[in-house]
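S.K.:
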Amino acid sequence: MSYDPVEYGTVGRYAASANELGELRLPAAGQYAIFAVGFSPSHPDCQIIGADRAVVPAKLITIAPGDYGGDAATYTWVASFDVPVPGTYSLSCQTYDQQASYTVGEVPQIRGAVSALIHWPLIAICLLGALPGLLIIAETVRRRTRRRLAQGAMPEL
């Protein structure tokens with residue numbers, strides 16, 4: 002996983018108040034990431050508004066792959082969005098924390114199957130993680146039942 006620390010704009014106490022719009026200058030059409038700065042909440046209600054007042058939806062990350070950052074700040078990937086054309090956009094992120102700050106940058110590069118799981122619903126990820134354990138339990142029960150039957154005992158239901 003790698004992250005290019007290019008920033009295209011921010012919203013929050015370091016750019017504008019949490020209730021105001023932060024300006025974004027996006028150089029190309031495509032996907033961008035929204036990062037929470039520091040201890041900002043990881044599930045904000047963010048909207049990206051184009052010059053034509055069209056709202057671009059931000060898709061929340063179900064499980065963030067990790068925090069990025071260095072000495073001064075930590076960044077947590079919280080959402081991503083796609084823009085159809087380059088240009089100037091506005092970012093608005095609403096949350097309970099009025100001190101929250103968010104920044105927009107390049108989407109981190111994640112390789113393999115994990116990159117497809119970033120936006121899956123949390124319940125699907127939990128079930129996928131539980132599947133190996135459930136298979137082991139089912140196989141153990143099957144073997145014990147077979148062993149009891151081989152010894153002439155009646156299976157317990």
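According to the numbering used here, the sequence shown is numbered sequentially starting from 2. Idealized CB from N, CA, C, for every residue including glycine.
(1) Excluding sequence positions up to five away, which residues of its chain have a Cβ less than 6 Å from the Cβ of C47?
(2) For T141, is the classification buried or exposed, using 16 other Cβ atoms within 10 angstroms of its Cβ as the cut-off for buried?
(3) Verify whether the separation of the beta carbon atoms of V175 and S102 is less than 7 Å.
(4) So Q48 is in the beta strand (DSSP E); what residue range does that whole segment cover?
(5) Would you tell me roughly how many angstroms separate the C-alpha atoms of I135 and C127, rounded to the nearest one?
(6) Report the rounded CA-to-CA distance for W78 versus A139, giving the unit in angstroms.
(7) Under the three-state reduction of DSSP, which class applies to R54: helix, strand or coil?
(8) Quick one, which of T146, E107, I111, F82 has its alpha-carbon nearest I50's?
(9) Under the criterion of a Cβ to heavy atom distance below 6 Å, does F36 qualify as lining the ligand FAD?
(10) According to DSSP, is R14 part of a helix, a strand, or is it coil?
M.R.: So, to answer that:
(1) I35, A59, A80, C94
(2) exposed
(3) Given a span of 2 to 158 for the chain in the structure shown, any question on residue 175 remains unanswerable.
(4) 46 to 50
(5) Before going further, note that residue 135 is Leu rather than Ile in the sequence given. About 12 Å.
(6) 37 Å
(7) coil
(8) F82
(9) With respect to the ligand FAD, the structure offers nothing, as it holds no ligand at all.
(10) The pLDDT assigned to R14 is 46, lower than 50, so where the model puts this residue is not dependable, and the model offers no usable value.
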